[in-house]
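Start counting at 1 in the sequence shown, then tack on 47, and there's your number in our numbering. This report refers to the structure that appears directly beneath it.
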Amino acid sequence: MNIQIIQAKSALHKLKSNRLPFPYDLNIYRGCMHKCIYCYAIYSHKYMESDDYYETIFVKENIAEVLDKELSKIKEKGTINLGGVCDSYQPLEKKFKLMRDVLTVLIKHKWPANISTKSTLILRDLDLWKQLSKVAPVNIAFTVTTTHDDIAKQIERGASSSTSRLEAAAIIKKETFATLGIHLMPIIPYLTDHKDSLHDLYKFAYDHDFDYILPGMMYLRGQTRKVFFQSIRQTHPQYHTKLQHMYQNREFKRDYRTHLYTYIGQLRKQYPLTHDAKQSHKQEKLF
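As structure tokens, then:
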């Protein structure tokens with residue numbers, strides 16, 4: 048593991064896409080130790096002049112100080128997404144505690160925030176998330192791709208178990224005022240699309256009064272595609288050829304998508320949860 052301590056010149060990245068429910072992105076780290084084999088952000092390490100997204104992690108030591116200065120100059124508040132190309136609560140955060148400093152700044156400015164994580168380390172900062180959710184709109188999501196912990200361990204090697212993520216999500220829903228959701232993505236054919244897993248995720252979310260579930264299929268581009276198929280060849284060789292065929296055949300992939308979302312539609316009727324995180328932000332009515 049190669050840890051690089053750096054000084055951030057800026058904190059916020061202004062996003063150009065209107066499809067996202069937030070205008071700003073903030074990454075306290077570059078690179079991620081969760082080692083998800085489908086990670087779309089692998090490409091981003093080229094901007095750090097590094098080709099090892101999983102093993103070379105850049106730590107923005109002064110990120111909270113820079114963020115504080117930037118927020119003081121912005122007149123119109125817009126939600127900040129905490130971790131667009133990394134997980135803010137990856138294992139290194141246990142040592143550096145940068146998120147506590149960042150959350151303290153957000154509380155000071157009463158600034159709305161959004162985060163998606165695969166780590167139960169977020170519970171360490173439960174007190175700060177509760178404070179922030181009292182003074183600003185907050186959306187917290189846990190990415191959970193499967194309820195089968197053994198499969199999750201193979202495709203998300205450095206992340207918390209799926210079971211513990213769901214338990215942490217239930218705690219946050221109970222203890223804070225944040226909007227709480229599940230990112231059921233990516234759904235990987237043959238690996239995380241088992242009906243029992245999908246059903247159990249919807250049932251758990253519904254039973255614990257979560258605000259939404261956002262499902263999504265897996266898309267493979269560039270370096271992510273290469274890393275994914277290399278990993279599948281090692282961990283699930285029986286699916287390697289099938290997955291390659293699917294992601295080379297648009298018609299086959301379209302038929303699969305139709306079949307998958309038909310079943311998800313049935314689950315939505317059984318466990319009525321919205322699929323739109325933007326529509327679920329009921330908390331914003333408080334501010």
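Note that the Cβ used here is the ideal one computed from N, Cα and C, for glycine as well.
Item to complete: Work out the CA separation of Leu307 and Asp245 for me, nearest whole Å.
Response: With the sequence shown as reference, residue 245 is identified as Leu, and Asp is not the correct amino acid for it. Whole-angstrom Cα-Cα distance: 10 Å.
Fill in: Beta carbon of Phe105 nearer than 8 Å to that of Ile53
yes
Worksheet entry | DSSP three-state assignment for Thr226, whether helix, strand or coil | strand
Item to complete: Compute the Euclidean distance between the alpha carbons of Pro236 and Val149, then round it to the nearest angstrom.
Response: One Cα belongs to Pro236, the other to Val149, and the distance between them is close to 37 Å.
Practice prompt. Could you tell me the distance, in whole angstroms, from the CA atom of Ser335 to the CA atom of Glu112?
Written response: Lying before the first or after the last residue shown, residue 335 is absent from the chain, which here runs from 48 to 334.
Discussion item. Less than 6 Å between C-beta atoms, sequence neighbours within five positions excluded: which residues of the same chain meet that for Leu153?
Written reply: Ala160 and Leu179
Worksheet item: Going straight from the alpha carbon of Arg280 to that of Lys242, what length do you get?
Response: 24 Å
Discussion item. Please classify Lys316 as buried or exposed, where buried requires at least 16 neighbouring CB atoms within 10 angstroms.
Written reply: exposed
Worksheet item: Counting pairs of beta carbons, one from the region 165-177 and one from the region 208-216, are three or more of them closer than 8 Å?
Response: Counting Cβ pairs under 8 Å, three or more are found: they touch.
Discussion item. Tell me which residue opens and which closes the beta strand (DSSP E) that Leu261 is part of.
Written reply: Tyr259 to Met264
Worksheet item: Where Asp134 and Tyr100 are concerned, what is the direct C-alpha to C-alpha distance, given to the nearest angstrom?
Response: Between Asp134 and Tyr100, the C-alpha separation is close to 12 Å.
Worksheet item: Near Asp258, what residues of its chain come up, given a Cβ to Cβ distance below 6 Å and the 5 sequence neighbours on each side ignored?
Response: Thr226, Leu227, Gly228 and Ser327
Practice prompt. Compute the Euclidean distance between the alpha carbons of Lys141 and Arg147, then round it to the nearest angstrom.
Written response: 10 Å
Worksheet entry | Exposure of Lys122, with buried meaning 16 or more beta-carbon neighbours within 10 Å | exposed
Worksheet entry | Local conformation of Gln15 per DSSP, three classes | Outside the modelled stretch of the chain, which goes from 48 to 334, sits residue 15, for which no answer is possible.
Discussion item. Taking its Cβ as the centre, do 16 or more other Cβ atoms sit within 10 Å of Asp240, making it buried, or is it exposed?
Written reply: buried
Item to complete: Express the C-alpha separation of Tyr266 and Met48 in angstroms, rounding to a whole number.
Response: 28 Å
Discussion item. Spatial neighbours of Asp247 within its chain, please: C-beta separation below 6 Å, excluding the five flanking residues on both sides.
Written reply: Excluding residues within five positions, the ones whose Cβ falls inside 6 Å are Thr194.
Worksheet item: Under the rule that 16 or more other beta-carbon atoms within 10 Å means buried, what is Gly269, buried or exposed?
Response: exposed
Fill in: Anticipated Cβ contact below 8 Å, Leu114 with Ala58, distance rounded
4 Å
Discussion item. Can you tell me whether Leu170 is helix, strand or coil according to DSSP?
Written reply: helix
Worksheet item: Under three-state DSSP, which class holds Val185?
Response: Val185 falls in the strand class under three-state DSSP.
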